[in-house]
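Q:
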Amino acid sequence: MLPEIMWLPLITFAFASSVTPGPNNIMLTTSGINFGFVRTIPHITGIALGFLVMFLCVALGLQQAFILLPWLQDVLRAIGVVYMLHLAWKIARSGKAESQTSPLKPMTMLQAALFQFVNAKAVMMAVGAVAVFSAQGEDFVASAVAIGVVFSLVNIPSVTIWAAFGAGIGKLLDTEYKLRRFNYALSFLTAASVVLFFI
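At position 3 of the sequence shown (counting the first as 1) the number is 4 in our numbering, and the numbers step up by one without a gap.
As structure tokens, then:
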């Protein structure tokens, strides 16, 4: 486990890194706007669960795999970039969620969970947390599990803020024109966030 003195810095780091803008939070805002808060809950849950699994993979071996197979990280990064650009295109083309012609659908829990493995910001958060907060020696695994659980628990209220913000804004976007213009802006931000994959 972690020394008692490390819990507050860990929680602070988890909150700061989870609540700041990034691909997850942009997508949650978009989902909140287009589908409302309730239909975005599976997306929120998927992020928390997916981050926990991805974090444990990073802590227990994925980081070593990146060292042994550097191209693997490039492949995952490329998948993430392609997915984000595809999502940006879908957001730009979307209309009202109720419309039969809208290509945008709420992200499922599984989709949100799997996205964490190609989300550069989430992976870097995991690598940073392992490097800074994990214990050494025989306590490493227990500390890694504790860090992952703390991150996932802190992540839920952090990303929920963005979904709620989107749902609130969505009520103001009461015409097709307003919604489309706002979706264009979110589409641009989604596409621009691919820069995070190369930092």
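Positions of the beta carbon are idealized from the N, C-alpha and C atoms, including for glycine.
To the nearest angstrom, how far is the alpha carbon of T13 from that of V151?
A: Here the question's residue 13 lines up with position 12 in the sequence shown. Here the question's residue 151 lines up with position 150 in the sequence shown. Going from the Cα of T13 to the Cα of V151 covers about 10 Å.
Q: Out of curiosity, what's the CA-to-CA distance linking R182 and Q65?
A: Taking the sequence shown and counting its residues from 1, one reaches residue 182 at position 181. Taking the sequence shown and counting its residues from 1, one reaches residue 65 at position 64. Their Cα atoms are separated by approximately 44 Å.
Q: In whole angstroms, what is the alpha-carbon distance linking F52 and L11?
A: In the sequence shown, the residue the question calls residue 52 occupies position 51. In the sequence shown, the residue the question calls residue 11 occupies position 10. Roughly 16 Å separates the two Cα atoms.
Q: Tell me whether S1 sits in a helix, a strand or coil according to DSSP, three-state version.
A: A question about residue 1 goes unanswered here, because the residues of the chain that appear run from 2 up to 200.
Q: Helix, strand or coil: how does DSSP classify N120 here?
A: Counting from 1 along the sequence shown, the entry for residue 120 is found at position 119. N120 falls in the coil class under three-state DSSP.
Q: Taking C-beta to C-beta, are T31 and N156 nearer than 9 Å?
A: Indexing the sequence shown from 1 puts residue 31 at position 30. Indexing the sequence shown from 1 puts residue 156 at position 155. It is not a contact, given that the beta carbons lie outside the stated cut-off.
Q: In whole angstroms, give me the CA-to-CA distance for S100 and A186.
A: The count along the sequence shown starts at 1 and reaches residue 100 at position 99. The count along the sequence shown starts at 1 and reaches residue 186 at position 185. Low per-residue confidence applies at S100: pLDDT is 47, beneath 50, and the placement is therefore not dependable enough to give any value.
Q: Is L86 helix, strand or coil by DSSP?
A: On the sequence shown, residue 86 is found 85 positions in, with the first residue counted as 1. Under the three-state reduction of DSSP, L86 is assigned to helix.
Q: So, for L174: in the same chain, excluding its five sequence neighbours on each side, which residues have a beta-carbon less than 8 Å away from its beta-carbon?
A: As a working note, residue 174 is residue 173 in the sequence shown. I34, L180 and F183, listed in sequence order.
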